[in-house]
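A.B. asks: Got a structure here, written out as structure tokens. Questions coming.
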């Protein structure tokens, strides 16, 4: 009955090889977020979608892109992963933003070799 | 700049002891504050939010604007409270995006 599903749980890629992480939701929420969490650090917002409107954080590297083809799915594309991009990537949703609670997926742990 | 600080990486207490997880924030305006929790092998989930003024699993948190703090408290810790706790701040906009602290691991020993 997981409501925010991230696949895969673990992803290994090579330095410079594009990789895509996926997130799906069964909650029909308007807002979807991608957070990056490096070891022993706070989760850091990369970007979010409010419906189809994409909102990039000012300090998110250009290497990171996102797509939301429909309400249920959101993808994180890393065009040329570097060693510093190894992290846990968390997808979250909220019904309509504001101060509503976020629902998180289990995360994808990305390793870059 | 908006920031959330959790000064303790690890807090270790015995079962039945009081617990206080510290959180301080910096924000120009009136923030909305939350505590999220991650139990072992589970996903991050909301524990409580300051606007609700509720007690969840015996935990409470009071927003102190003068001290810019939102400490999480429980009078008697239980072993099942062992988890990672994140304090988070939401900007007053319609995005709902959260700024997280680095988290505190609470370890409750039997």
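Chains as they are written, first to last, in this note's numbering: chain A, 10 to 122; chain B, 76 to 185. Don't be surprised by glycine CBs; every beta carbon is placed ideally from N, CA and C. This one's a predicted model, so the numbers in the text were calculated from it and none came from an experiment.
Flag this pair as yes or no: are the beta carbons of residue 178 of chain B and residue 95 of chain A separated by less than 8 angstroms?
C.D. replies: Their beta carbons are not under 8 angstroms apart, which means residue 178 of chain B does not touch residue 95 of chain A by this criterion.
A.B. asks: Where residue 124 of chain B and residue 110 of chain B are concerned, what is the direct C-alpha to C-alpha distance, given to the nearest angstrom?
C.D. replies: About 6 angstroms.
A.B. asks: Among the residues of its own chain, which have a CB less than 7 angstroms from the CB of residue 122 of chain A, if the five just before and after it don't count?
C.D. replies: Closer than 7 angstroms at the Cβ level, and outside the excluded window around residue 122 of chain A, lie 21, 23, 24.
A.B. asks: Between the beta-carbon of residue 99 of chain A and the beta-carbon of residue 119 of chain B, is there less than 8 angstroms?
C.D. replies: Their beta carbons are under 8 angstroms apart, which means residue 99 of chain A touches residue 119 of chain B by this criterion.
A.B. asks: Relative to the alpha-carbon of residue 65 of chain A, which residue among A/47, A/114, A/29, A/43 has its alpha-carbon at the smallest distance?
C.D. replies: Taking only the C-alpha atoms, the option nearest residue 65 of chain A is A/43.
A.B. asks: Check for me: the beta strand (DSSP E) holding residue 86 of chain B runs from which residue to which?
C.D. replies: Element bounds for residue 86 of chain B: 85-89.
A.B. asks: Mind listing, in chain order, the continuous beta strand (DSSP E) runs of no fewer than 3 residues lying wholly within the segment 100-133 of chain B?
C.D. replies: Whole beta strand (DSSP E) segments, 3+ residues: 107-113, 120-124.
A.B. asks: Closer than 7 angstroms by beta-carbon distance: list the chain B residues that pair up with residue 50 of chain A, in chain order.
C.D. replies: What residue 50 of chain A touches in chain B: 177.
A.B. asks: Residues of chain B with CB under 8 angstroms from residue 36 of chain A, in chain order?
C.D. replies: Within 8 angstroms Cβ-Cβ: nothing; residue 36 of chain A doesn't reach chain B, min ~14 angstroms.
A.B. asks: Would you kindly report the start and end of the unbroken beta strand (DSSP E) that includes residue 9 of chain A?
C.D. replies: Residue 9 of chain A is absent from the model: chain A starts at 10 and stops at 122.
A.B. asks: In chain B, what lies closer than 8 angstroms to residue 40 of chain A by C-beta?
C.D. replies: By Cβ distance, chain B contributes 170, 171.
A.B. asks: Give me the chain A residues within the contact set of residue 118 of chain B, using Cβ-Cβ distance strictly less than 7 angstroms, ordered along the chain.
C.D. replies: Residues of chain A passing the Cβ test: 113, 114, 115.
A.B. asks: Just to confirm the assignment: which complete beta strand (DSSP E) runs, minimum length 3, are found wholly within the segment 134-178 of chain B?
C.D. replies: You should have 147-149, 158-165, 173-175.
A.B. asks: Could you check what DSSP says for residue 94 of chain A in three-state terms: helix, strand or coil?
C.D. replies: Looking at residue 94 of chain A - three-state DSSP - the assignment turns out to be helix.
A.B. asks: Could you work out which residues of chain A lie near residue 165 of chain B, taking near to mean beta carbons separated by less than 7 angstroms?
C.D. replies: What residue 165 of chain B touches in chain A: 108.
A.B. asks: Once DSSP output is grouped into helix, strand and coil, what is the label at residue 109 of chain A?
C.D. replies: Coil at residue 109 of chain A, not helix or strand.
A.B. asks: For a test of the three-state rule: what should DSSP assign to residue 83 of chain A, helix, strand or coil?
C.D. replies: Looking at residue 83 of chain A - three-state DSSP - the assignment turns out to be strand.
A.B. asks: Take the Cβ of residue 100 of chain B as the centre, count every other Cβ of all protein chains shown within 10 Å, and call the residue buried at 16 or more, exposed below.
C.D. replies: By the neighbour-count rule (16 or more Cβ atoms within 10 Å), residue 100 of chain B is buried.
A.B. asks: In chain B, what lies closer than 9 angstroms to residue 65 of chain A by C-beta?
C.D. replies: Result: empty, since nearest Cβ-Cβ is about 12 angstroms, beyond 9 angstroms.
A.B. asks: Just to make sure I have the definition right: I need the residues of chain B whose C-beta is within less than 9 angstroms of the C-beta of residue 98 of chain A. Which are they?
C.D. replies: Simply none; closest approach about 13 angstroms.
A.B. asks: According to DSSP, simplified to helix, strand and coil, what is residue 98 of chain B?
C.D. replies: Coil, per DSSP.
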